[in-house]
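Here the structure is laid out as C-alpha cells; the discussion comes afterwards.
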Amino acid sequence: MAVQLNKTLINARLKSIYDGWNNATVNDDMGSIANADALLLLSGDPAAEDEPIRKGTAFQTWLLGYEFPSTFLLFDKQKMLILCSATKAKVLQQIKDGNPPVPIEILVQAKAKEAPSDAVPKFIEAYSKYTRVATLIKETYNGKLINEWNQGIDKLANKPEQVDMAPALSTTLAVKDEDELKIIRTAANLTSTLLIHHIVLKLETILDKEAKITHEQFAGQIESRIGTGDGEGAKGPDMKVWSKGRGLSDVDWGATEFCYTPIIQSRSTSTGYDLRSTAESSMDHIAHKGVFLIAVGLRYKGYCANLGRSIIVDPSKEQERIYNLLVSLQSEVVREMKDGKTLRDMYQFAAEYIREKKPDLEKNFVKNLGSGIGIEFRDSAYVLSLKNGRQLKTNMVFNLVLGFSDLVDESGKKYALHLVDTVRVGPDRAAFLTDGVKSSKETLFFLNTAEEDEKPSKVAKAPPAKPIVNVLLKRKCCRRRPPESRNIKQTCIQACKPAGLAKYSEEGGGLGEKEGKGWKRFQSYKGEGALPKEAETLRPFEDPDATFVRSVTYRSVDGHRFDQISKQITDLKKEVNKREQQKKEMADVIEQDVLVEIKGRRPHKLPEVFVRPALDGKRLPGEVEIHQNWFAIPIAYGLPKNRAPIMIGKKKAHDIQFFREASDVQFDETGNRKRKHRYGDEDEIEMEQQERRRRQMLNKEFKLFAERVAEAASTSTGETVEVDIPFRELSFEGVPFRTNVRLQPTTECLVHLIDPPFLVVTLNEIEIASLERVQFTLKQFDLVLVFKDFTKTPLHINSIPSAQLDDVKNWLDSVDIPLSEGPVNLNWGPIMKTINENPHDFFQQGGWSFLGGGGAESDAEEESDTESEFEADPEDLVSEESGEEASAYDGSDASEDSGSASYDDVSDEGDDWDELERKAAKSDSKRADGVKVRGESDDSDDDRPKKKKGAAPAKGGAKGKANGKR
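Position 170 of the sequence shown, counted from 1, bears residue number 171 in our numbering, the numbering being contiguous throughout.
And the structure:
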C-alpha cells in the first residue's frame, strides 16, 4: 500500500515555518534564524533503537508525518529544495502537487546500479549561494549520502556561515495543534491505564505475597503488556489491561511503544534511588517495604507521555507529610502554569512554596521541574529551571517532574520521592493529561492497620479480651484504605450506586433480556465451495420470461423408501445437533501447548498423590512433575483462574485437585507391641501426636511444591503466579450445595476443596452479600452472594451457625464486600430478573438501598444493650439460678467474653479493678449461700418455677458465651 501524506496538514505546517521565519526578530524565541538566508535540515541513516530521537528527525516527522532517512531539506525564502532517493521522491511528489505555500523542487539521486546523477552537486551549489545558513550544528549523521555531502562541502572555496537553529525548531514544535494533542491524549491514556490497571495492582500482589522478583523482571513484565515478539510466536497486547482504559478502543498497537524501559526502584536497589529518566531497573530483588519509585512512558504515533509515582509501604509520619507536601505542590504549580508565565517563574514559585512550607527540604528539591515533551521525550530548550526565560504558551505540553532526593528515614537509610505527570498549558491554568494513583489513600500502604489502631481505654471496665486476629490482614497487609473508613453500614451499600450507574449507561438496556424463541436453521452447504458439481446447472440466472419453482412435491408408490429417507433426514438432524452441542460445550476449553520437558536436571516431583477428577483407569496414586511449561499431567501454567476448563481424559474440568490421604492406612493402630505393655490412654495420645506430625509434614511438603510451581510458572510465563492458601482461622460452616461443609476464605477467594462438588468464589466478582434469617431466636442464618455479573444466579450458603455471625461480618468487612442484614429470606429469582431488565434504572432508583444496611456498629450497640440488661441485676439472677447454671453466667465467663470486652472498651465510663474485685467477691459469697439454701430443698417442686423464670435472660448470656469462644 502506497504511503499517503496529509497534504493539507503539511501545507499548514510549512506556512507556520515560513511565518515564524519571516516574523522572527533577534530578541524573540525564533531569533536564532532571524538573519539566516536559508534553513538546512540533514538526515542520514536511521538511528539505533536505543538512541534518543534527534531534533532533526523530530522536526522532519512533525512536518512530513513520517521519518525520511537520507533526505535533505533546504528552505529558501522563495522555494524549498528536497534531495532524496527515487523511491522517496514518488512519495514526496504528493507535497509538490498539493499546492504548497512555496514552490518545491525535488532532486532525485541515482539508484545504486545506475550512473551517478547531478542531484548532490546541484544541492551543494544551491547551498553555497547563501551567506548564512541555519542548521543543527550539534547533530552528526552517518551514511552514504552524508559522506558525499561532506566531500562536496570540503571542495567549496567559500562556505556559508552556519548558525544553530535548534532553539527556533524547539519553538516551532513546542505549541501543539489539535491533531498533535489528540495523539498525546491517547498516549497519556495508555500510560495512565497501564499504571492503574497493571503496575500498581501487580506491585500490590508482589508485596502481599512477598514474591521474589527482581526490578528488571518486573519492568520486563510491564513492557510485555503491549505485545512481544514477531511472526508466528508474537503475542498481542494484553487487552485485559487496555480494555479498562477510556478511549482506547481503536488504538493502533503497531504505532505504540515504550519511550524507555519502565523504571522500578526500591530500597533494595544497589545503586540507590535515582530520579533521572536515564535510570535503569536493577537485577536486585524488590524489597517488600519502604519507598517504591515507578516511572513509565509510552510513545504513540511518535508522541510521548510520561508518568511517575511514589508508593510507600509502612510510611513514617514524616514520609506522609513529605508526600502530601509533594501532592499539594504539584496542584499549586499546575494552577500557576498558564499562558504568559516564564519557565523561570515556575521553578521560583515551586522553590518559594517549599521554602515556606518546609524550608529544610529545599536542599533536597530537584534542580528543574521537567521539560517540554512531544515527539522528543525531552526538549532541552524548554527545561523548567531558573536559567530559562522562555515563555509558556497555550497548548504547550510539559513533562512535569517534582521530587526530593537524598532524604533520610528513621533508620538512617536514604530514599527519594517523585511525582511525575504530563500536563498541557492553558490560558488560565494547566490541565493533567496523565492521572491516577496519586492521593495518599492510593499510594500509602499500611501494615496491619487494624491492630495498630486499637488503643486501650484509660479506664478499663474489664480485662482486655484478646481481639479476633484478622488473619487476612496479616497476609494481605497492604491496605490502602485507612481503617477509620472501613465500616459495613448503609453508606457501604450506597457506595455501590455510583459504580453501578457508571457501569450501566442509560442506553445499555438489560444485559439479561432473553430473546424470543427462534427456529433452528439447518444449512446443508456452507459457502459456494461446498456445493456439489451437479449444482452448477442449478445456479440462479436472469431471465424475465423464465418460470421459477418455489417448491417440489415428491410422490412414490414405495412408502417404505420414503420412510427410510425421512428417518435418514431425522437422524442426520440429530447428528448435526449433537455435533453442534459438543462443539458448543468444547468452545470454552483451552487448547493446551505442547509439553516442554525440563532439561539439565531432574524435575521436582510430588509423589503418592491422587487427582480429581480421576484419570481413565484404576484409581492409583501417581507423581506430579514440574516441567518447563506444564505439570507432568497436562495442565499449562497460563490458564485463566476459575474460568476456562481443560480436558482431563475425555471430560472437561473446571477444578483440578491433587491430594494425598492424611492418614496412613499402612500404619498399624491396634496391634503394635506397645499395647501389650500399656494400659490406658498413653498409646492413643502418642498415635494422635504421630498423626499430627504426619499432617504437618504433608502440609510442609505440599506448600513447598506449590511454591516451586509458582516459581516455575513465573519463569515460564513472565508473570507472577500466586499460590492462594486458605485461612482456617476465618473458616465457617455452611451448606452451599446439599451437605454441610467448612468454607475457608483465602486472600482472593472463598473455597471448599475437601470433597466434590468443590466451591471456588472469586471475591472481586461479588457485588454485595446479604445476611438473611438473622434473628435473635434462631441458631442459624443464611448468606447470599450476589455477583457483579447479574446474569449469574446468586450463591446461597445456608445454615451458618449464628455463633459465627460476627466472624462472617468481620471477614466480609475486611475484604471490602458491602453487606446487608435482614430477618427473612428474599426471593432472589424475581429480584435478579427485575435488575437484569434494566440495570441502569435499578441503580438510578437507589440500587441496593432497598436491602437496608447491616452494620457491625449497629449490631454492637444492640448486643451491648442486651448484655447490659442481662448484667444490670446479677444478684437476682444468682438467687434464682442453680449452682450449676449460675456458673455458666458468672463473672469469669463475662470477663472472657470477647464481645462484651470489646463493647466495654468503647465505653467512656466504667468501674475500676478494685470495684470489680469487690463485686466479684460479694457475688461469690451470695452464690455460695444460694447453693447451700437450694441444696437443702432440691426435692421441692417450688424450685422449678424459679428456674423457668431465670431462663429468660439466658439467651443474651448464651450469645455472649458463644462470642467468648470465638
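Note that CB positions come from ideal geometry on N, CA and C, so glycine has one too.
Source: prediction; values computed, not measured.
Span of the alpha helix (DSSP H) around D564: If you number the sequence shown from 1, residue 564 lands on position 563. Residues 560 to 586.
Distance, A87 Cα to F259 Cα: In the sequence shown, counting from the first residue as 1, residue 259 sits at position 258. In the sequence shown, counting from the first residue as 1, residue 87 sits at position 86. Taking C-alpha positions only, F259 is separated from A87 by approximately 33 Å.
Spatial distance of K388 from K318 (CA atoms): Within the sequence shown, the letter at position 387 stands for residue 388. Within the sequence shown, the letter at position 317 stands for residue 318. Cα to Cα, K388 sits roughly 35 Å from K318.
Beta carbon of V242 nearer than 8 Å to that of R226: Within the sequence shown, numbered from 1, the residue matching residue 242 stands at position 241. Within the sequence shown, numbered from 1, the residue matching residue 226 stands at position 225. Judged by their CB atoms, V242 and R226 are nearer to each other than the 8 Å cut-off.
Rounded straight-line distance, which links the Cα of R696 to that of I686: As a position in the sequence shown, residue 686 is number 685, starting the count at 1. As a position in the sequence shown, residue 696 is number 695, starting the count at 1. Rounded to whole angstroms, I686 to R696 spans 15 Å at the Cα level.
First and last residue of the uninterrupted alpha helix (DSSP H) at R345: Working through the sequence shown from its first residue, we reach residue 345 at position 344. For R345, the enclosing alpha helix (DSSP H) covers residues 344 to 358.
Terminal residues of the alpha helix (DSSP H) in which A417 lies: Counting from one through the sequence shown, the residue named residue 417 turns up at place 416. For A417, no alpha helix (DSSP H) encloses it; the enclosing beta strand (DSSP E) starts and ends at 415 to 425.
Contact between the segment 837 to 848 and the segment 800 to 819 (3+ Cβ pairs under 8 Å): In short, these stretches do not touch, since the Cβ pair count stays below three.
Paired residues, beta bridge with C85 - DSSP: On the sequence shown, position 84 is the one that residue 85 refers to. Answer is V109.
DSSP beta-bridge partners of K606: Residue 606 sits at position 605 when you count from the first residue of the sequence shown. Bridge partners of K606: E626.
Simplified DSSP state of K16, which is helix, strand or coil: For this step, residue 16 is matched to residue 15 along the sequence shown. In the three-state reduction of the DSSP assignment, K16 falls in the helix class.
Where the alpha helix (DSSP H) through H753 begins and ends: Indexing the sequence shown from 1 puts residue 753 at position 752. Here H753 belongs to no alpha helix (DSSP H); instead the beta strand (DSSP E) covers 750 to 753.
Contact the segment 420 to 428 vs the segment 391 to 408: 3+ CB pairs below 8 Å: Contact holds between the segment 420 to 428 and the segment 391 to 408, because three or more Cβ pairs, one in each stretch, are under 8 Å apart.
Cβ shell of S971 (< 7 Å), same chain only, five flanking positions each side left out: This structure cannot speak to residue 971, because the chain is shown only from 2 to 967.
Of the residues L344, K112, K210, Q94, the one placed nearest D725, counting alpha carbons only: As a working note, residue 725 is residue 724 in the sequence shown. Among L344, K112, K210, Q94, the Cα nearest to that of D725 is on K210.
Under 8 Å between C-beta atoms of T1 and D285: Nothing can be reported for residue 1, as the shown portion of the chain is limited to 2 through 967.
heavy atom of the ligand NAP below 7 Å from D239 C-beta: The model on display carries no ligand, and the ligand NAP is accordingly not part of it.
Reference D361, options S267, M338, F777, V409, closest by Cα: Position 360 of the sequence shown, counting from 1, holds the residue named residue 361. Minimum Cα distance to D361 is reached at V409.
Range covered by the beta strand (DSSP E) that runs through R336: Counting from 1 along the sequence shown, the entry for residue 336 is found at position 335. In this chain, R336 is not harboured by any beta strand (DSSP E); it is covered by the alpha helix (DSSP H) spanning 318 to 337.
Spatial distance of P979 from Q349 (CA atoms): The shown model of the chain, from 2 to 967, leaves out residue 979, and the question about it has no answer.
Own chain, CB closer than 6 Å to L385, minus 5 neighbours either side, in chain order: Reading the sequence shown from its first residue, position 384 is the one you call residue 385. Same-chain partners within the cutoff: L344, M347, Y348, N369, L370, G371.
Secondary structure of G501, DSSP reduced to three states: As a working mapping, residue 501 is identified with position 500 in the sequence shown. Here G501 sits in helix by DSSP.
Beta-carbon proximity check, K89 vs T72, cutoff 8 Å: Within the sequence shown, the letter at position 88 stands for residue 89. Within the sequence shown, the letter at position 71 stands for residue 72. At a Cβ-Cβ threshold of 8 Å, K89 and T72 count as neighbours.
Residue ranges of each alpha helix (DSSP H) within the segment 183 to 234, 4 or longer: Counting only runs of 4 or more, we get 201 to 210, 216 to 224.
Coarse secondary structure for Y128, derived from DSSP in three states: Start at 1 with the first residue of the sequence shown, and residue 128 comes out as number 127. Y128 sits in a helix when the DSSP states are folded into three classes.
Nearest candidate by alpha-carbon position, reference P819, set L772, D790, N799, F777: Taking the sequence shown and counting its residues from 1, the one referred to as residue 819 is at position 818. It is L772.
Exposed unless 16 or more other CB atoms sit within 10 angstroms - verdict on N190: In the sequence shown, counting from the first residue as 1, residue 190 sits at position 189. Buried, because 16 or more other Cβ atoms sit within 10 Å of the Cβ of N190.
Residues sharing a beta bridge with V292, DSSP: Mapped onto the sequence shown, residue 292 falls at position 291. For V292, which the question treats as bridged, DSSP gives the partners I313.
P802: first and last residue of the uninterrupted beta strand (DSSP E) it sits in: For this step, residue 802 is matched to residue 801 along the sequence shown. It spans 796 to 802 - the beta strand (DSSP E) in which P802 sits, taken as one unbroken run.
Residue range of the beta strand (DSSP E) that includes D251: Counting from one through the sequence shown, the residue named residue 251 turns up at place 250. Unbroken run through D251: none, as it is neither H nor E.
DSSP bridge partner residues for G32 (one or two, in chain order): As a working mapping, residue 32 is identified with position 31 in the sequence shown. Bridge partners of G32: none, in fact.
Segment contact flag, the segment 284 to 303 with the segment 259 to 269, C-beta cutoff 8 Å, min 3 pairs: By the Cβ rule, the segment 284 to 303 counts as touching the segment 259 to 269, because three or more pairs are nearer than 8 Å.
DSSP three-state assignment for D361, whether helix, strand or coil: Taking the sequence shown and counting its residues from 1, the one referred to as residue 361 is at position 360. Under the three-state reduction of DSSP, D361 is assigned to helix.
Straight-line gap, T206 to L196 (C-alpha atoms, nearest Å): Stepping through the sequence shown from its first residue, residue 206 is reached at position 205. Stepping through the sequence shown from its first residue, residue 196 is reached at position 195. Roughly 14 Å separates the two Cα atoms.
Beta-carbon proximity list for S441, same chain, < 8 Å, skipping 5 on both sides: As a working mapping, residue 441 is identified with position 440 in the sequence shown. Cβ within range, chain order: E321, Y324, N325, V328.
Burial state of A113, where buried means 16 or more other Cβ atoms lie within 10 Å: If you number the sequence shown from 1, residue 113 lands on position 112. A113 comes out exposed.
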